[in-house]
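Beneath this line is the structure, given in structure tokens, with notes to follow.
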Amino acid sequence: MDWADLPDPSAQVFEDPYRDLSPEQFDDILYVVRLRGRLQENGGSAVERQKWQALLTETEAALVADEIDVDWLLGQREIVTERRRKAGTNGNPQLDGQTITLAGFAIPAPSDPDGRPVAYLVPERGMCSHMPPPPPNQMIRVRLKGDWAPSYFHEPVRLTGTLTIDPSVQNMMVVDGLMPMNATFQLETERVETLETEADRLEWKQRVADRIRAAGNRKTGGARASE
Numbered sequence: 058m059d060w061a062d063l064p065d066p067s068a069q070v071f072e073d074p075y076r077d078l079s080p081e082q083f084d085d086i087l088y089v090v091r092l093r094g095r096l097q098e099n100g101g102s103a104v105e106r107q108k109w110q111a112l113l114t115e116t117e118a119a120l121v122a123d124e125i126d127v128d129w130l131l132g133q134r135e136i137v138t139e140r141r142r143k144a145g146t147n148g149n150p151q152l153d154g155q156t157i158t159l160a161g162f163a164i165p166a167p168s169d170p171d172g173r174p175v176a177y178l179v180p181e182r183g184m185c186s187h188m189p190p191p192p193p194n195q196m197i198r199v200r201l202k203g204d205w206a207p208s209y210f211h212e213p214v215r216l217t218g219t220l221t222i223d224p225s226v227q228n229m230m231v232v233d234g235l236m237p238m239n240a241t242f243q244l245e246t247e248r249v250e251t252l253e254t255e256a257d258r259l260e261w262k263q264r265v266a267d268r269i270r271a272a273g274n275r276k277t278g279g280a281r282a283s284e
């Protein structure tokens, strides 16, 4: 199966009026919110408040000229936020409890209390470290079977096992620091196929060497550390 199969299809199509805004129009909406907030706080001098009111009137007029109902649009914020949340978190109910095979990149994680090794599977290399994490319904918490566990971050693998919709959040250390691993799914693995290439191994060895070198430089105050 493919990663695109994981999200709930019924949550992916929805009305989002913010999608139709140009970057300039979106910035104007944010500017209106900030200016209204300043005026409601009753802060600033009389001259400053007069200036803010003029800017607010000008910005609102520009949006009206573009046929944008500012008040209606702002009233849609919570509705659209909830729609987007469901689109990024709801799992495909047809896959719940199914045996699936899926390829991705494994991130090592602390073992479960019962000693079962754990990893996270993401669709792209670099996610949760050098790149932002994917939406929860594009992340799988994996309970591994046997002695295998990822030997480095983003090790390419193909996993087969039972997939369940079982949302979880775990804070753990990754390459760039503490990261909340927010996953909609859990996979109980039956088979692991490593897809590591020679280029992957060389890249991993280079990263390890770079970290050792950086650690040595820190300890020696910048002097060349022994290889």
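Using the working numbering, the letters of the sequence shown map in sequence onto residues 58 to 284. Each residue gets a CB set at the ideal place from its N, CA and C atoms; glycine is no exception.
Hey, is the region 79-92 in contact with the region 143-156, meaning 3+ C-beta pairs nearer than 8 Å? Pairwise C-beta distances place the region 79-92 out of contact with the region 143-156, as fewer than three of them are shorter than 8 Å.
Going by DSSP, what residue range makes up the alpha helix (DSSP H) through residue 107? 103-122
Please name the residue or residues paired with residue 177 in a DSSP beta bridge. 164 and 198
Just the C-alpha distance for residue 63 and residue 152, rounded to the nearest angstrom, thanks. 8 Å
Using the Cα positions of residue 104 and residue 98, report the straight-line distance between them to the nearest angstrom. 15 Å
Taking DSSP's pairing of strands, which residues face residue 231 in a bridge? Bridge partners of residue 231: 234.
From what residue to what residue does the alpha helix (DSSP H) around residue 83 run? 80-97
Give me the Cα-Cα distance between residue 185 and residue 199, rounded to the nearest whole angstrom. 15 Å
Alpha carbon to alpha carbon, how far is residue 171 from residue 59? Give it in angstroms, no decimals. For residue 59 and residue 171, the distance between alpha carbons rounds to 30 Å.
C-alpha gap between residue 123 and residue 86, whole angstroms: 12 Å
On a CA-only basis, which of 154, 138 and 197 is nearest residue 161? Give me that one, please. 197
First and last residue of the uninterrupted alpha helix (DSSP H) at residue 139: 134-146
Indicate whether residue 212 and residue 166 have their beta-carbon atoms separated by less than 8 Å. no
Please classify residue 224: does DSSP put it in a helix, a strand, or coil? strand
Please classify residue 127: does DSSP put it in a helix, a strand, or coil? Looking at residue 127 - three-state DSSP - the assignment turns out to be helix.
CA-CA distance, residue 243 and residue 236? 18 Å
Checking 8 Å against the spacing of the C-beta atoms, do residue 178 and residue 216 come in under that value? yes
What number of angstroms, rounded off, separates the C-alpha of residue 101 from the C-alpha of residue 113? In a straight line, the C-alpha of residue 101 is about 15 Å away from that of residue 113.
With distances taken between CB atoms, is the gap from residue 131 to residue 82 smaller than 8 Å? In this structure, residue 82 does not lie closer than 8 Å to residue 131 by Cβ.
Report the CB separation of residue 201 from residue 240 in whole angstroms; it is logged as a contact under 8 Å. Not a contact, Cβ separation roughly 15 Å.
To the nearest angstrom, report how far apart residue 195 and residue 117 are at their CA atoms. 39 Å
If you check the beta carbons only, do residue 193 and residue 224 fall under 8 Å apart? With contacts defined by Cβ atoms closer than 8 Å, residue 193 and residue 224 form a contacting pair.
Using the Cα positions of residue 188 and residue 232, report the straight-line distance between them to the nearest angstrom. 10 Å
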